[in-house]
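Peer 1: Take the sequence shown: its letters are residues 0 to 283, numbered as in numbering that gives the first Met the number 0. Idealized CB from N, CA, C, for every residue including glycine. The structure presented is a predicted model; accordingly, all values stated were derived computationally and were not measured. Below are the structure tokens for one structure; questions will follow.
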Amino acid sequence: MHALSTFRTIGDMRAQVAAWKAEGLRVGLVPTMGALHDGHLSLVRALEKKADRVIVSIFVNPTQFAAHEDLDTYPRQEADDLAQLQSLNQQATPAVHAVYLPSVTDIYPQGFATQITLQGPALGLESDERPHFFGGVAVVVAKLLMQSQCDVAIFGEKDFQQLLVIRQMARDLDLPCEILGGPIMREPDGLAMSSRNAYLSQDERTIAGTLNVILAQLAHASEPPEQAEEKARAALKAAGFDAVDYACLRDGESLGPLHAGSRTRRALIAARLGKTRLIDNMSA
Ligand code: AMP
């Protein structure tokens, strides 16, 4: 069992990274908001193959939540998260070398006044419902990448639009970090794993299991996109979802509208069940 170092300040984390870099080691980062599940752990395992040292960051980022959203109730379970990460370290070589747990004031010190404005893949879909969201994500991810000086970072396809936004930002700002994507991990009934699944009641959990089935039908539909999207919305309502934020077929590379030259297509759904908002996506 390899010990897991925990760092709570930028300075402590940077001292460790500097020591690794002096040895010529390649550093990888898995940014998370904690309440870890197998989706997060799969990203760690994937990054283990691409980096000599892996840092997992756990930070519930207030700037990506709107005032009416679930910042206060977002699950926080640090001891359990650390135990899950520790359990990955039972092989001869550890999968995780350090956990970075910054405080809100470490990330957003008094007087913090910088914002990032995004276009391209950030337009539409999530931004229509959560206009504050990608700006908050971009700032925290840019900060975590720069603080950790990581050579490579990995993000889940679960948040596919977010992955494209981060890739675009890293390219546009010349951040010296390779951005990797990891596949979506699912529960046995196909529900995409998410920290927010913990909010679901038993009845809602049953309904939630239909989302990926409807998503697959949308992804592989043979009708014209608008018709297939309408059908998916109706199916979600019939299955018991309270509201559908979007059910869309998009170009798989840009997430813009599908066009004759689209090489792949991706179905994306955001739907609400009680107080829980679920998102999922699938390529076809
Ligand atoms: P979060 O803690 O929700 O901010 O997620 C941290 C990272 O884990 C993000 O890059 C997510 O896309 C990724 N992630 C979340 N759920 C899954 C999943 N079911 N499969 C793979 N990656 C995931």
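According to the Cβ coordinates, are Gly189 and Val212 closer than 8 Å?
Peer 2: Yes.
Peer 1: Would you grab the beta carbon distance between Pro101 and Arg7 for me? Rounded to a whole angstrom, and I think it's under 8 Å.
Peer 2: Yes, Pro101 and Arg7 are in contact; Cβ-Cβ is about 7 Å, under 8 Å.
Peer 1: Based on Cα-Cα distance, which residue from Tyr73, Met168, Gln114 and Ile165 lies nearest to Ser194?
Peer 2: Closest option to Ser194, Cα to Cα, is Tyr73.
Peer 1: Tell me the DSSP secondary structure of Glu222 in three-state form.
Peer 2: DSSP places Glu222 in coil when its eight states are reduced to three.
Peer 1: Would the C-beta of His131 count as close to ligand 1, meaning under 7 Å from any of its heavy atoms?
Peer 2: No - ligand 1 has no heavy atom lying nearer than 7 Å to the Cβ of His131.
Peer 1: On the DSSP bridge assignment, give the partners of Arg264 in chain order.
Peer 2: DSSP, once it has assigned bridges, lists Asp250 as partnering Arg264.
Peer 1: How big is the Cα-Cα spacing for Ala21 and Ala259?
Peer 2: Spanning the two alpha carbons is a distance of roughly 50 Å.
Peer 1: What's the call for Phe111, buried or exposed, on a 16-neighbour Cβ count within 10 Å?
Peer 2: The residue is exposed, with fewer than 16 neighbouring Cβ atoms inside 10 Å.
Peer 1: Which ranges would you report for the alpha helix (DSSP H) in the region 60-129 if only whole runs of at least 4 residues count?
Peer 2: DSSP runs (the alpha helix (DSSP H)) wholly in the region 60-129: 77-86, 103-106 and 125-128.
Peer 1: Does DSSP classify Ala2 as helix, strand or coil?
Peer 2: Of the three classes helix, strand and coil, the one that applies to Ala2 here is coil, per DSSP.
Peer 1: Would you kindly report the start and end of the unbroken alpha helix (DSSP H) that includes Phe159?
Peer 2: Its alpha helix (DSSP H) spans residues Phe159 to Asp171.
Peer 1: For the candidate residues Ser253, Met12 and Gly10, whose alpha-carbon lies nearest to that of Gln118?
Peer 2: When only C-alpha atoms are compared, the closest one is Ser253.
Peer 1: Helix, strand or coil: which one does DSSP assign to Arg7?
Peer 2: Looking at Arg7 - three-state DSSP - the assignment turns out to be coil, as it is neither helix nor strand.
Peer 1: Based on Cα-Cα distance, which residue from Gly33, Ala34 and Trp19 lies nearest to Gly27?
Peer 2: Among Gly33, Ala34 and Trp19, the Cα nearest to that of Gly27 belongs to Trp19.
Peer 1: Using 8 Å as the Cβ pair cut-off and three pairs as the minimum, do the region 131-149 and the region 70-84 touch?
Peer 2: These segments do not touch.
Peer 1: So does His39 have its beta carbon nearer than 7 Å to some heavy atom of ligand 1?
Peer 2: Correct: His39 has its Cβ closer than 7 Å to ligand 1.
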